[in-house]
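Numbering (full-length UniProt numbering), first residue to last: 1 to 253.
The C-beta atom is built at its ideal place from N, Cα and C for all residues, glycine as well.
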């Protein structure tokens, strides 16, 4: 017997229903145990090694098979924006060590150290330090734009009258510096090996960028078991999340 198109659709739907009925007791038990049906996590672009994200998701998925996990990658104040205005449950790498609202708890993760860099064959690579603003202004600044939609965007390093090149992520920014496209700041932990092998040169400029403290942030009230477990992983500095902290060199620095 050959089923009609409508029959095939009905059979497919019936199989889906049977599968759902088989898993429903476990799913209901998870909800009864205080486990969220969905967890939205926003991660700072500076703390986004894909392997670290995948490792965290593998750990979570094994323990919470019926929870939907949504990961978003944001830049600077865009992390706080997602947490404050877009319903995200937890943020890895909000800027600062103080909450922007008293409904959130914070755990300082560490501070990102910065180096001002350019390609080894850049015209400014061998100029006497400190470089002057007049010298720097002749070359483009390569930056990543803040992804905040509601909060005020953080303004990246750029001198008045200087050309700016905006790229979407850290990987592109590093590649642009290596290619000699422009100058700017990079996290020390990401560029030190390139400085050591003479692909990049680190220089001193009149206004060096201070360290950037980043924190874990989550809602004080209404968090479920999955979010609580993520917080525990970070506060106890468990191996499962070590990849997120490599950019600091020494966690809590």
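Check residue i in the structure and name its three-state DSSP category.
i, result
"residue 158", "coil"
"residue 67", "coil"
"residue 210", "coil"
"residue 187", "strand"
"residue 238", "coil"
"residue 166", "strand"
"residue 147", "coil"
"residue 5", "helix"
"residue 255", "The structure shown does not extend to residue 255, since the chain is modelled only from 1 to 253, so the question has no answer here."
"residue 47", "helix"
"residue 12", "helix"
"residue 223", "coil"
"residue 253", "Here residue 253 scores only 39 on pLDDT, less than 50, and its place in the model should not be relied on; the value that follows carries that caveat. Coil, per DSSP."
"residue 124", "coil"
Using a Cβ-Cβ cutoff of less than 8 Å, which residues in the same chain neighbour residue i once the five nearest sequence positions on both sides are dropped?
i, result
"residue 87", "40"
"residue 104", "83, 217, 218, 219, 220"
"residue 124", "118, 131, 135, 136, 139, 183, 203"
"residue 49", "243, 244, 246"
"residue 178", "119, 194, 199, 200"
Taking the continuous beta strand (DSSP E) assigned at residue i, which residues delimit it?
i, result
"residue 115", "114 to 119"
"residue 136", "Note, residue 136: premise wrong, no beta strand (DSSP E); alpha helix (DSSP H) at 133 to 137."
"residue 201", "200 to 202"
Go through its chain and collect everything with a Cβ distance to residue i's Cβ below 6 Å, but skip five positions before and after it.
i, result
"residue 52", "243, 244"
"residue 211", "111, 113"
"residue 81", "148, 149, 150, 151"
"residue 163", "140"
Which residue marks the beginning of the alpha helix (DSSP H) containing residue i, and which one marks its end?
i, result
"residue 40", "Looking at the DSSP string, residue 40 is not in any alpha helix (DSSP H); the run it does join, the beta strand (DSSP E), is 38 to 44."
"residue 175", "170 to 178"
So, are the CB atoms of residue i and residue j less than 8 Å apart?
i, j, result
"residue 248", "residue 185", "no"
"residue 139", "residue 183", "yes"
"residue 46", "residue 112", "yes"
"residue 215", "residue 146", "no"
"residue 75", "residue 165", "no"
"residue 158", "residue 134", "no"
"residue 161", "residue 122", "no"
"residue 257", "residue 213", "The structure shown has nothing for residue 257, since the chain only spans 1 to 253."
"residue 198", "residue 120", "yes"
"residue 62", "residue 224", "no"
"residue 56", "residue 240", "yes"
"residue 60", "residue 226", "yes"
Sorted by chain position, which residues of the same chain lie with C-beta nearer than 7 Å to residue i's C-beta, five sequence neighbours on each side aside?
i, result
"residue 85", "150"
"residue 42", "72, 74, 79, 82, 83, 88, 91"
Relative to the ligand SAH, is the shortest distance from any of its heavy atoms to the C-beta of residue i smaller than 7 Å?
i, result
"residue 133", "Ligands are entirely absent from the displayed structure, and the ligand SAH is therefore not among its contents."
Can you list the beta strand (DSSP E) stretches of 3 or more residues lying completely in the stretch 53 to 112, in chain order?
Every unbroken stretch of the beta strand (DSSP E) spanning 3 or more residues and falling wholly within the stretch 53 to 112 is given here in chain order: 68 to 74, 90 to 95, 104 to 112.
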